[in-house]
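Visitor: Position 17 of the sequence shown, counted from 1, bears residue number 176 in our numbering, the numbering being contiguous throughout.
We treat Cβ as the ideally placed atom computed from N, Cα and C, and that holds for glycine.
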Amino acid sequence: MKYDQQLRDTANAMVAAGKGLLAADESAATAEKRLTAVGLESTEEVRREYRQLLLTVPGVGQYLSGVILFDETIRQKDDDGTPFADVLKAEGIIPGIKVDAGAKDLALHEGEKVTEGLDGLRERFAEYAKLGAGFAKWRAVITIQGGELPSEACIHANAHAMARYAALAQEAGIVPIVEPEVLLDGDHSIERCYEVTSTTLDALFAELKNQGVMLEGAILKASMVLSGKDAPDRADVQTVAEQTVKCLKEHVPAELAGVVFLSGGQTELEATAHLDAMNKIGGTPWPLTFSYSRAIQNPVLKLWAEKKTDDAVKAYLKRCQANSLASQGKWSEDFED
Ligand code: 13P
């Protein structure tokens, strides 16, 4: 493969010891939801100012290997006129880019989604490589509903699209993050989540193999194996950690460069505690680290909206450090006091 070594190097750097990713790639619609929730209007300038805070805090590079950006942000500059991608690189952080066009209703499958965005993707990757992106992200969503959903059609369509995206990324020298998110919504048991996650991962890795994707130059962004948000008897931290590690070991090939997790609606502390407990178990062939959006940003955005910028920076560094410790199995609740 043309970019073989570059892909391996970038993927390994993304999961370097003690580091993880910040997901700051909220689409315009999601950014609006988050900003209006804290009483702010979502204009392009407000989004730039808020993201400037996340991308320019000195020292954050000791905890973050990369940041996932949205198309708008990779084209924006800081107050001094330096492109955000260059600001990140100067801090030793790899800029990444979300390239999917979002999850759309899957035809003939009520309640299910398929992620779009393959049209013109080769040309877009060429541009993103020029803008400085070292890696990319594509997210698919899988809904659990009783024994009915997800359908095989949904799992297959998403796995296929994700593998085609991953191949195009590697062709452009960009490391693909593949993110099949099994949603937390619902009252399903942790056992049902385990089963659906297993099926989803099997389908994904079969498609990646079919498309010739080099796993040593690719990253899985996984959802944890959890009880549904509204389940009556939710599994505790240790059980979640054990089930997630077991599921990944059984269904993710050892050659893969690394596994990063989404937070998916968990609280900040849950997301950190789960990651820490998994790394305390250890024994996986790939590093396990974070790629959180809400579990890092929620407290930061709230303080920033209240114009408490110094506190927002402190809260941001604290969550980054907590998750860095958790990625090494070195976090404890005492750290939070
Ligand atoms: P959350 O951590 O808020 O789930 O977001 C991660 C992400 O990038 C979803 O695609």
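Assuming contact is defined by CB atoms lying nearer than 9 Å, are residue 403 and residue 437 in contact in what I supplied?
Guide: yes
Visitor: Alpha carbon to alpha carbon, how far is residue 354 from residue 378?
Guide: 21 Å
Visitor: Am I right that residue 224 and residue 175 are in contact with their C-beta atoms under 8 Å? What's the rounded C-beta distance?
Guide: 5 Å
Visitor: Which of the three DSSP states is assigned to residue 298 in this structure?
Guide: Residue state, collapsed to three classes: strand.
Visitor: Could you spell out where the beta strand (DSSP E) holding residue 252 opens and where it closes?
Guide: From DSSP, residue 252 is part of no beta strand (DSSP E); its letter is neither H nor E.
Visitor: Can you say whether residue 496 is buried or exposed, counting buried as having 16 or more other CB atoms within 10 angstroms of its CB?
Guide: Per the 10 Å Cβ criterion, exposed.
Visitor: Just to confirm, does residue 298 get its C-beta within under 8 Å of one of the non-hydrogen atoms of the ligand 13P?
Guide: yes
Visitor: Measuring alpha carbon to alpha carbon, tell me which residue in 329, 388, 336, 294 is nearest residue 161.
Guide: 329
Visitor: Do the region 343 to 361 and the region 274 to 283 meet, that is, are 3 or more Cβ pairs less than 8 Å apart?
Guide: no
Visitor: CB of residue 188 to nearest heavy atom of the ligand 13P: below 8 Å?
Guide: no
Visitor: Candidates 445, 263, 264, 221: which alpha carbon is nearest residue 249's?
Guide: 221
Visitor: Judging by CA-CA distance, which residue of 349, 443, 299, 185 is the nearest neighbour of residue 325?
Guide: 299
Visitor: Hey, would you say residue 455 sits closer than 9 Å to residue 482, going by beta carbons?
Guide: yes
Visitor: When the Cα of residue 209 is compared with those of 461, 487, 316, 478, which residue comes out closest?
Guide: Measuring from the Cα of residue 209, the nearest candidate turns out to be 461.
Visitor: Can you look up residue 380 in the DSSP assignment and give me helix, strand or coil?
Guide: Under the three-state reduction of DSSP, residue 380 is assigned to strand.
Visitor: Can you round the beta-carbon distance between residue 227 and residue 182 to whole angstroms, since I take them to be within the 8 Å contact cut?
Guide: 5 Å
Visitor: Looking at the structure shown, is residue 304 part of a helix, part of a strand, or coil, going by DSSP?
Guide: strand
Visitor: For residue 272, write down the residues that DSSP places opposite it in a beta bridge.
Guide: 264
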